[in-house]
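Peer 1: Heads up: the sequence shown is residues 1 to 120, going by full-length UniProt numbering.
C-beta atoms are modelled at their ideal positions from N, C-alpha and C, and glycine is treated no differently.
These numbers come from a predicted model, not from an experiment.
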Amino acid sequence: MATDFKDWPAMAANLIPAIKELHKGAPGVMKAFREMGAAAHEGGALDAKTKELLAVAISVAVRCDPCISYHVEGARKHGATREEIAETMGLAVYMGAGPSAMYAAQALEAYDQFAEKAAG
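1. Thinking just about the alpha-carbon of each residue, which of 120, 69, 94, 91 is nearest to the one in residue 106?
2. Considering just the uninterrupted stretch of the alpha helix (DSSP H) at residue 65, what are its terminal residues?
3. Which same chain residues end up closer than 6 angstroms to residue 100 when comparing Cβ atoms and leaving out the 5 residues on each side of it in sequence?
4. When we look at the beta-carbon of residue 33 and count the other beta-carbons within 10 Å, is it buried (16 or more) or exposed?
5. Below 8 angstroms on the Cβ atoms is my contact criterion, and I expect residue 11 with residue 47 to pass it. Report the Cβ-Cβ distance as a whole number of Å.
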């Protein structure tokens with residue numbers, strides 16, 4: 001594994017207090033956001049892993065570090081492999097061009113860190 005660019009598990013954990021503050025400051029909006037997320041993740045034609053892989057690709061394309069952290073871990077928890085993350089990043093790079101390539105590399109790093117943390 002290459003030298004870490006960012007500490008993705010720490011980023012996810014450190015964001016929790018800020019999200020809680022956002023919930024306090026905008027409870028209606030955040031309730032609606034949470035409900036929208038639940039609806040998007042409901043069972044249907046796409047399984048949970050595929051939905052998380054799509055979310056990782058979109059996170060890279062829109063360059064959202066916390067989104068990458070959250071959805072890479074979600075994909076990993078639903079059984080996504082590093083190879084599946086890498087293939088998904090190929091689509092993200094295609095859709096987002098050069099800047100997405102930089103974030104795609106970071107998404108793979110995030111996967112490695114979460115897998116390492118899960119392994120103990």
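Peer 2: Based on what the coordinates show:
1. 69
2. 65-77
3. 60, 61, 92, 93
4. exposed
5. Between residue 47 and residue 11 the Cβ distance is about 26 angstroms, and since that is not below 8 angstroms, they are no contact.
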